[in-house]
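**Student:** Line by line, the protein sequences are chains W and G. Take 332 as the starting number for the first sequence in my numbering and just add one per residue. Take 332 as the starting number for the second sequence in my numbering and just add one per residue. All residues carry an ideal CB built from backbone N, CA and C; glycine is no exception. Here the structure is a predicted model, which means the values were calculated and not measured. Okay, here's the structure, questions in a sec.
Number of protein chains: 2
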Amino acid sequence: MMLSQTEENYLKAIYSLTYTNSNNVSTTLISEAVKTKASSVTDMIQKLAEKDLVHYKKYQGVSLTEIGQKIAVEIVRKHRLWEVFLLNKLHYNWDEVHELAEQLEHIKSETLIDKLEIFLEFPTHDPHGDPVPDKEGNIKHHNDTMLSSVETGKSCVVIGIKDSSDPFLKFLDKLQIQLGNTLKVISKEPFDNSMLVETTIGSISISNQISKNIFVKNL
Amino acid sequence: MMLSQTEENYLKAIYSLTYTNSNNVSTTLISEAVKTKASSVTDMIQKLAEKDLVHYKKYQGVSLTEIGQKIAVEIVRKHRLWEVFLLNKLHYNWDEVHELAEQLEHIKSETLIDKLEIFLEFPTHDPHGDPVPDKEGNIKHHNDTMLSSVETGKSCVVIGIKDSSDPFLKFLDKLQIQLGNTLKVISKEPFDNSMLVETTIGSISISNQISKNIFVKNL
DNA sequence: AAAATAATTTAGACAAGCCTAAAAATATAA
DNA sequence: TTATATTTTTAGGCTTGTCTAAATTATTTT
Chain W
332 MMLSQTEENY LKAIYSLTYT NSNNVSTTLI SEAVKTKASS VTDMIQKLAE
382 KDLVHYKKYQ GVSLTEIGQK IAVEIVRKHR LWEVFLLNKL HYNWDEVHEL
432 AEQLEHIKSE TLIDKLEIFL EFPTHDPHGD PVPDKEGNIK HHNDTMLSSV
482 ETGKSCVVIG IKDSSDPFLK FLDKLQIQLG NTLKVISKEP FDNSMLVETT
532 IGSISISNQI SKNIFVKNL
Chain G
332 MMLSQTEENY LKAIYSLTYT NSNNVSTTLI SEAVKTKASS VTDMIQKLAE
382 KDLVHYKKYQ GVSLTEIGQK IAVEIVRKHR LWEVFLLNKL HYNWDEVHEL
432 AEQLEHIKSE TLIDKLEIFL EFPTHDPHGD PVPDKEGNIK HHNDTMLSSV
482 ETGKSCVVIG IKDSSDPFLK FLDKLQIQLG NTLKVISKEP FDNSMLVETT
532 IGSISISNQI SKNIFVKNL
């Protein structure tokens, strides 16, 4: 099925709204996500329903069909792999990759994204800590180990972040904390739960508010 | 100036037709290049003329303005850098890169293509031997040294090919001759002008018809 | 130089995706 | 439970880029 960029964006929006909200997503919510008016959403929803990509009953909201869901996950896969490429290979900052990936995710090719995945050596997570779906659309949700819970003296690898807000991303750029970096917890301060961490650029003190928002893999 | 993908494609088509044909390009020629009808071309040309991207007088054909030319060269730059990426990094075959680059060249970003250029270490030519325009739009046309004119005993580096036909590209893939490869001319056969060439995979015999179509840089 | 042919432009129409304004349905409050 | 407010849908219209068919201009042929 050959979908337009717009149609793909609607599917992606419905997909993520289904997780963060109810099962049946309202037209208003979608309209905010894709930045149009609710009436335009109704039009598009009806088109997608004709193509069996969404379930739709008037006034009852929308949900993805199995095919619709499959396509949405494919787009998510593309988005996340492109984000990894932009960050790891082109050295974009953490906070700059999303917008560009929004464009790149719509490139049409049977083979491109699989070749990109090989080139990137099968990353498991994107720069925001979200898992990269595999070729078949399976998603491994990670086990939520945060930097804050790493024991003193132990090392770990940064695999993602929880808070994707712009200020937080910029802050991490400043600390030069990047995906794949190894961090070693030197000591913890019981008073405010801050920790002294050994990074690639030396030892830095990290507040609990920060360490609670960094996903890591224990070594 | 924010142009649509379609507008960009028209500019690119006019650009390349200007070189391979007359200075004033006809609507019919453009219609073949962008795969539409001549009447559609007229519509679009008038729109581009309004935006000062082309010079246009009814029934007299089209040529690019300075701005139009500048934009066209930017697209060519993007196209060629993406081709290098696809070939060198994702290991696509020579004959597969063009189509995908047609999509990637339209990604909108102020910084992406310059970062890609750095990542690719400033390639001077694309896989078809065409020069990559620099940031300012300057193009260095190369000096047309063909493999066939390399002296016996001398080495050279493959920088491009002249014939971009599908069979030829597939043939090169089979011989494993790639951009950047070093070739050494071991001997030449005066009878049919074929040559024995040392490649990365060993010595192979190359006919004059082939060696006439491979651009090289002498070492 | 007039007639025939070919190329180009205009006119009117269509699909995709969006909009505004009004109508219909649902949800909330009195 | 009726009245009010909110959400959703419909109706009609706009723009972009395309098309066909007809009209106009340019080019060739005789």
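1) Identify which residue in Gln507/W, Asp523/W, Glu520/W and Pro521/W has its Cα closest to the Cα of Gly533/W.
2) Can the beta-carbon of Gly468/W be found closer than 8 angstroms to that of Glu381/W?
3) If you scan the region 514-544 of chain W from start to end, which runs of the alpha helix (DSSP H) of 4 or more residues do you find wholly inside it?
4) Listed from N- to C-terminal order along the chain, which residues in the region 431-449 of chain G have their beta-carbon within a distance smaller than 7 angstroms of any beta-carbon of chain W?
5) Measure the alpha-carbon distance for Thr502/W versus Ile535/W and round it to whole angstroms.
6) Using only CA atoms, which one of Asp475/W, Lys505/W and Leu417/W lies nearest to Gly491/W?
7) Which residues in the same chain as Ala483/G place their Cβ atom closer than 7 angstroms to its Cβ, once the five residues preceding and following it in sequence are excluded?
8) Name, in chain order, the residues that DSSP records as bridge partners for His386/G.
9) Could you spell out where the alpha helix (DSSP H) holding Ile345/G opens and where it closes?
10) Which same chain residues end up closer than 7 angstroms to Ile537/W when comparing Cβ atoms and leaving out the 5 residues on each side of it in sequence?
11) Answer with buried or exposed for Phe546/G, where buried requires no fewer than 16 other C-beta atoms within 10 angstroms of its C-beta.
12) Give the single residue among Lys388/W, Pro521/W and Pro462/W whose Cα lies nearest to the Cα of Glu414/W.
13) Quick one: using the 10 Å Cβ neighbour count with 16 as the cut-off for buried, is Lys505/G buried or exposed?
14) Beta-carbon separation of Ser479/W and Lys548/W under 8 angstroms?
15) By how many angstroms is the C-alpha of Gly392/G removed from the C-alpha of Glu448/W?
16) Quick one: does Leu421/W have its CB under 8 angstroms from some CB of chain G?
17) I'd like to know if the region 385-403 of chain W and the region 341-354 of chain W are in contact, where contact means that at least 3 CB-CB pairs between them fall below 8 angstroms.
18) Just to confirm, is the Cβ distance from Ser552/W to Leu514/W under 8 angstroms?
19) Quick check on DSSP: helix, strand or coil for Ile508/G?
20) In whole angstroms, give me the CA-to-CA distance for Lys466/W and Thr442/W.
21) Under a three-way DSSP split, which group does Asn549/W fall into?
22) What are the partner residues of Val481/G, as DSSP defines its beta bridges?
23) Which stretch, first to last residue, makes up the beta strand (DSSP E) that contains Val488/W?
24) From the DSSP output, in three-state form, read off Pro462/W for me.
25) For Thr531/W, tell me which candidate among Ile541/W, Val481/W, Lys471/W and Val489/W has the shortest Cα-Cα distance.
26) Helix, strand or coil: how does DSSP classify His272/G here?
27) Please name the residue in Glu433/W, Gly511/W, His456/W and Leu550/W whose C-alpha comes closest to that of Gln336/W.
28) Within its chain, find whatever has a CB closer than 6 angstroms to the CB of Asn424/W; leave out the 5 residues flanking it on each side and keep chain order.
29) Report all residues from its chain with a CB closer than 7 angstroms to the CB of Asn539/W; omit the five preceding and five following residues, and keep chain order.
30) So what does DSSP say about His456/W, is it helix, strand or coil?
31) From His459/G to Val428/G, what distance separates their C-alpha atoms?
**Tutor:** This is what the structure gives:
1) The shortest C-alpha separation from Gly533/W is found at Gln507/W.
2) No, they are not a contact pair.
3) Taking only runs of at least 4 residues, the alpha helix (DSSP H) segments lying wholly in the region 514-544 of chain W are 539-542.
4) For the region 431-449 of chain G, the residues whose beta carbon sits under 7 angstroms from a beta carbon of chain W are, in order, Leu431, Gln434, Leu435, Ile438, Lys439, Ser440, Leu443, Lys446 and Leu447.
5) One point to set straight first is that residue 502/W is Phe, not Thr, in the sequence displayed. In this structure, the CA atom of Phe502/W is about 13 angstroms from the CA atom of Ile535/W.
6) With distances taken between Cα atoms, Gly491/W lies closest to Asp475/W.
7) According to the sequence as given, residue 483/G is Thr; it is not Ala. Contacts found: Val516, Ser518 and Lys519.
8) Looking at the DSSP output, His386/G sits in a beta bridge with Ser394/G.
9) Its alpha helix (DSSP H) spans residues Gln336 to Thr351.
10) The residues are Ser525, Met526 and Val528.
11) Around the beta carbon of Phe546/G, 16 or more other beta carbons sit within 10 angstroms, so the residue counts as buried.
12) Relative to Glu414/W, the option among Lys388/W, Pro521/W and Pro462/W whose CA is nearest is Pro462/W.
13) By the neighbour-count definition (other C-beta atoms within 10 Å, threshold 16), Lys505/G is an exposed residue.
14) In this structure, Lys548/W does not lie closer than 8 angstroms to Ser479/W by Cβ.
15) Rounded to whole angstroms, the separation of the alpha carbons of Gly392/G and Glu448/W is 46 angstroms.
16) Proximity of Leu421/W to chain G, defined by a Cβ-Cβ separation below 8 angstroms, is satisfied.
17) Yes: the two stretches touch, three or more of their Cβ pairs being nearer than 8 angstroms.
18) The structure shown does not extend to residue 552/W, since chain W is modelled only from 332 through 550, so no value can be given for it.
19) Shown here, Ile508/G sits in coil according to DSSP, grouped into three states, outside any helix or strand.
20) Looking at the two C-alpha atoms, the distance is approximately 11 angstroms.
21) Strand, per DSSP.
22) Answer is none; Val481/G lacks a bridge partner.
23) DSSP places Val488/W in the uninterrupted beta strand (DSSP E) bounded by Ser486 to Ile492.
24) Strand.
25) Measuring from the Cα of Thr531/W, the nearest candidate turns out to be Val489/W.
26) With chain G running from 332 to 550 in the structure shown, residue 272/G is simply not present.
27) Nearest C-alpha to Gln336/W: Glu433/W.
28) Closer than 6 angstroms at Cβ, skipping near neighbours: Asp504.
29) Hits under 7 angstroms: Ser479, Asp523, Asn524 and Ser525.
30) DSSP places His456/W in strand when its eight states are reduced to three.
31) Answer to the nearest angstrom: the Cα atoms are 10 angstroms apart.
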